[in-house]
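J.: Structure incoming, see below.
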Amino acid sequence: MERYVMKGGTPLRGEVVIGGAKNAALGLLAAAVMTDEKVKIDNLPDVRDINVLLSAIEGIGATVNRIDAHTVEICGKGIHGLSVDYEYIKKIRASYYLLGALLGKYKKAEVALPGGCDIGSRPIDLHLKGFRALGANVEISHGLISAKADRLVGNHIYMDKVSVGATINVLMAATLAEGKTVIENAAKEPHVVDVANFLNSMGANIRGAGTDVIRIVGVEKLHGTEYSVIPDQIEAGTFMFAAAATHGDVTVRNVIPKHLEATTAKLLEAGCQVIEFDDAVRVIAAEPLKPTQVTTLPYPGFPTDMQPQMAIVLALAEGTSTITESIFENRFRYVDELARMGANIKVESNIAIINGIEKYTGARVSAPDLRAGAALVIAGLAADGVTEVDDIQYIQRGYERFEEKLRGLGATIERVANDHDAQKFKLKVS
Ligand code: EPZ
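The numbering used here puts the first residue of the sequence shown at 1466, with every later residue one more than the last.
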């Protein structure tokens, strides 16, 4: 299996251009099938999750025309199947967005029940609660979720927990329901707003996305559109933390600084200098890193998808920090891997107590999931010596040309396919 091999110790310096937001694009691609007209989406990230969802969309009969790596044209006119195969859900949970999209458009849909995943059990009860509130009959049997409705009628839906996925899924179904729907305690993430803006560009009537109350007035049908995905604030934040951990000076370009406010706030507390521009943010980490406290929360709180990357930085700070993971129950699996690089972190329930160390030492580690994998690469770039990160297929799910972009910032890193090539890299850098 491929792995990243890197030699740490070089401060990352320079500029990196951020791609489209994976978690926005997944919602947009599912929503694109809700019209029989052509939809063109650009600024897509060229990552595995996007390619899997496009295959799932093609699998039900929509036409998918990849104009280039970052642009696609989709037409839902030819959809003949309303059942999304388990193989897609197994690869990416977000295939379940097709449930809301197809239920909204055809009043019928079937998607395999997603399993748990690397970071927690990931229930979907709120998705199903929303569909039922709109009048759908939802059954789970033989590992399949089947939803159907004679009519979808708007309703007042309260989300017991703030859920990005449930908000997006129910929002899509409500778009083509009859009458008004109110979603209370809705997720406010930028990617929820992006999906709402996209649907409105197709003729939907959605107000309040980005606040905790979203109001939808159902419409008869949706029309085609052209749309560009928002920048990926998690990719941007990952490079900002890489700058901090390597005491570098990095400017992330093509970002919306407002989406990065929680990350910026924590980098400032950790002793970094952060300069905001219209569509860029610069992180300068000349000074020693300082400890701080972090709790992950729904947007605009500190993002859980940035939690491992924050830990990499705090584990190098002069003092004791804490990270409280309030969203997922199993998002500290990287801690054991990081301990092999010398980190001093103790996890008690959902709190990591982090005692800073001087330096990581390079080691061979494994990526436990997408964001933790990226975080371990950051640790390797800050470490003394050579680090190898296995299981990088996780990282490739959500980071486009990750090693190339890091090399563009001065990192000594390569993607290798076997022990022989890893050995060659080590000889080259020793
Ligand atoms: C989305 O997952 C993202 N994935 C995740 O990013 C991200 O970590 C998460 O939102 C939180 O921001 C995509 O957008 C594809 P949730 P999602 O529903 O929608 C509970 C990455 O690295 N919950 O907001 O599945 C759930 O257990 C990935 O890109 C229910 O209880 O997350 C969790 O505790 C990892 N019932 C909390 O809500 C439900 O029906 C938030 O989950 C749904 C969720």
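Note that the Cβ used here is the ideal one computed from N, Cα and C, for glycine as well.
1) Check for me: the alpha helix (DSSP H) holding residue 1809 runs from which residue to which?
2) Just the Cα atoms here: how many angstroms apart are residue 1523 and residue 1494?
3) Measuring CA to CA, which of 1802, 1783, 1867 is closest to residue 1823?
4) Give the single residue among 1699, 1683, 1841 whose Cα lies nearest to the Cα of residue 1829.
5) Which residue marks the beginning of the beta strand (DSSP E) containing residue 1469, and which one marks its end?
6) Find out if the Cβ-Cβ distance for the pair residue 1839, residue 1703 is shorter than 8 angstroms.
7) Does the distance from the CB of residue 1666 to the CB of residue 1690 come in under 8 angstroms?
8) Can you give me the Cβ contacts of residue 1799 inside the same chain, cut-off strictly under 7 angstroms, excluding the 5 residues immediately before and after it?
9) Along the chain, where does the beta strand (DSSP E) containing residue 1786 start, and where does it finish?
10) Can you give the beta carbon distance from residue 1669 to residue 1713, rounded, assuming they're within the 8 angstroms contact cut?
11) From which residue to which residue does the beta strand (DSSP E) around residue 1703 run?
12) Under 8 angstroms by Cβ, that's how I've got residue 1554 and residue 1577 pegged, so tell me the actual separation to the nearest angstrom.
13) Can you determine whether any heavy atom of the ligand EPZ sits closer than 7 angstroms to the C-beta of residue 1629, and answer yes or no?
14) For residue 1731, which residues in the same chain have their Cβ closer than 7 angstroms to its Cβ, ignoring the five residues on either side in sequence?
15) According to DSSP, which residues form a beta bridge with residue 1740?
16) Which term fits residue 1598, buried or exposed, when burial requires 16 or more other beta carbons within 10 angstroms of its beta carbon?
17) Could you tell me which residues DSSP pairs with residue 1503 in its beta bridges?
18) I need the boundaries of the alpha helix (DSSP H) containing residue 1523, first residue and last residue.
19) Would you call the stretch 1618 to 1638 and the stretch 1550 to 1565 touching, i.e. three or more CB-CB distances under 8 angstroms?
20) Less than 8 angstroms separating the beta-carbons of residue 1627 and residue 1763?
21) Since residue 1623 is in the beta strand (DSSP E), which residue starts that stretch and which ends it?
22) For the alpha helix (DSSP H) holding residue 1666, just list the boundary residues, first then last.
23) Does the beta carbon of residue 1601 fall short of 7 angstroms from some heavy atom of the ligand EPZ?
24) Please say whether residue 1734 and residue 1722 have beta carbons closer to each other than 8 angstroms?
25) By the 10 Å Cβ neighbour count, where 16 or more other Cβ atoms means buried, how is residue 1813 classified, buried or exposed?
26) Quick one: which unbroken alpha helix (DSSP H) runs of 4-plus residues sit fully inside the stretch 1602 to 1647? Chain order, please.
27) Among 1530, 1542, 1605, 1719, whose alpha-carbon lies nearest the alpha-carbon of residue 1485?
28) So what does DSSP say about residue 1565, is it helix, strand or coil?
29) Could you check whether residue 1826 and residue 1849 sit closer than 8 angstroms to each other, using their CB atoms as the reference points?
30) In whole angstroms, what separates the C-alpha of residue 1872 from that of residue 1890?
31) Which residue or residues does DSSP assign as beta-bridge partners of residue 1717?
32) Since residue 1498 contacts residue 1544 with CB under 8 angstroms, what's their CB separation in whole angstroms?
33) Who are residue 1576's beta bridge partners in DSSP?
34) Between which two residues does the beta strand (DSSP E) containing residue 1904 stretch?
T.: Working from what's here:
1) Your numbering for residue 1809 matches position 344 in the sequence shown. No alpha helix (DSSP H) contains residue 1809, which is instead part of the beta strand (DSSP E) from 1809 to 1813.
2) Translated into positions along the sequence shown, residue 1523 becomes position 58. Translated into positions along the sequence shown, residue 1494 becomes position 29. Spanning the two alpha carbons is a distance of roughly 11 angstroms.
3) Within the sequence shown, numbered from 1, the residue matching residue 1823 stands at position 358. Nearest C-alpha to residue 1823: 1783.
4) Position 364 of the sequence shown, counted from the first residue, corresponds to residue 1829. For the residues 1699, 1683, 1841, the minimum Cα distance to residue 1829 belongs to 1841.
5) Taking the sequence shown and counting its residues from 1, the one referred to as residue 1469 is at position 4. Counting along the chain, the beta strand (DSSP E) containing residue 1469 begins and ends at 1468 to 1472.
6) As a first step, residue 1839 must be located in the sequence shown, where it is residue number 374. As a first step, residue 1703 must be located in the sequence shown, where it is residue number 238. Yes; because the gap between Cβ atoms is below 8 angstroms, this pair is in contact.
7) As a working mapping, residue 1666 is identified with position 201 in the sequence shown. As a working mapping, residue 1690 is identified with position 225 in the sequence shown. Yes, Cβ-Cβ distance for residue 1666 and residue 1690 is below 8 angstroms.
8) Stepping through the sequence shown from its first residue, residue 1799 is reached at position 334. Counting only Cβ-Cβ distances below 7 angstroms, and skipping sequence neighbours, we find 1773, 1833, 1837, 1840, 1841.
9) Taking the first residue of the sequence shown as position 1, residue 1786 is located at position 321. Unbroken beta strand (DSSP E) run through residue 1786: 1785 to 1789.
10) The residue you call residue 1669 lines up with position 204 of the sequence shown. The residue you call residue 1713 lines up with position 248 of the sequence shown. Contact flag wrong, Cβ pair sits at about 43 angstroms.
11) The sequence position of residue 1703 within the sequence shown is 238, counting from 1. Run containing residue 1703: none in the beta strand (DSSP E); it sits in the alpha helix (DSSP H), 1698 to 1710.
12) Start at 1 with the first residue of the sequence shown, and residue 1554 comes out as number 89. Start at 1 with the first residue of the sequence shown, and residue 1577 comes out as number 112. Confirmed, about 4 angstroms.
13) Against the sequence shown, residue 1629 aligns to sequence position 164. Because some heavy atom of the ligand EPZ lies under 7 angstroms away, the Cβ of residue 1629 counts as near it: yes.
14) The residue you call residue 1731 lines up with position 266 of the sequence shown. The residues are 1757, 1759, 1767, 1775.
15) Counted from its first residue, the sequence shown places residue 1740 at position 275. Answer is 1747, bridged to residue 1740.
16) Counting from 1 along the sequence shown, the entry for residue 1598 is found at position 133. Flag for residue 1598 reads buried.
17) The sequence position of residue 1503 within the sequence shown is 38, counting from 1. DSSP lists 1540 as partners of residue 1503.
18) Locating residue 1523 in the sequence shown gives position 58, counting from the first residue. Note, residue 1523: alpha helix (DSSP H), 1513 to 1524.
19) yes
20) Position 162 of the sequence shown, counted from the start, is the residue given in the question as residue 1627. Position 298 of the sequence shown, counted from the start, is the residue given in the question as residue 1763. Yes, Cβ-Cβ distance for residue 1627 and residue 1763 is below 8 angstroms.
21) Taking the first residue of the sequence shown as position 1, residue 1623 is located at position 158. It spans 1621 to 1623 - the beta strand (DSSP E) in which residue 1623 sits, taken as one unbroken run.
22) Walking along the sequence shown from the start, residue 1666 turns up at place 201. Start and end: 1655 to 1666.
23) Position 136 of the sequence shown holds residue 1601. Incorrect: residue 1601 has no Cβ contact closer than 7 angstroms to the ligand EPZ.
24) On the sequence shown, position 257 is the one that residue 1722 refers to. On the sequence shown, position 269 is the one that residue 1734 refers to. No, the pair does not count as a contact, with Cβ atoms beyond the cut-off.
25) Numbered from 1 along the sequence shown, position 348 holds the residue referred to as residue 1813. By the neighbour-count rule (16 or more Cβ atoms within 10 Å), residue 1813 is not buried but exposed.
26) 1629 to 1640
27) Position 20 of the sequence shown, counted from the first residue, corresponds to residue 1485. If we check each option's Cα against that of residue 1485, 1719 comes out closest.
28) Against the sequence shown, residue 1565 aligns to sequence position 100. In this structure, residue 1565 counts as helix in the three-state DSSP scheme.
29) Looking up residue 1849 in the sequence shown gives position 384. Looking up residue 1826 in the sequence shown gives position 361. Result yes, Cβ atoms of residue 1849 and residue 1826 sit closer than 8 angstroms.
30) Your numbering for residue 1872 matches position 407 in the sequence shown. Your numbering for residue 1890 matches position 425 in the sequence shown. Using only the alpha carbons, I get a separation of about 14 angstroms.
31) Reading the sequence shown from its first residue, position 252 is the one you call residue 1717. Partner(s): 1481, 1746.
32) Position 33 of the sequence shown, counted from the start, is the residue given in the question as residue 1498. Position 79 of the sequence shown, counted from the start, is the residue given in the question as residue 1544. Sure, about 6 angstroms apart at Cβ, within 8 angstroms.
33) One-based indexing of the sequence shown puts residue 1576 at position 111. Answer by DSSP bridge pairing, in chain order: 1549, 1610.
34) Nothing can be reported for residue 1904: it is not among the residues displayed for the chain, which extend from 1466 to 1895.
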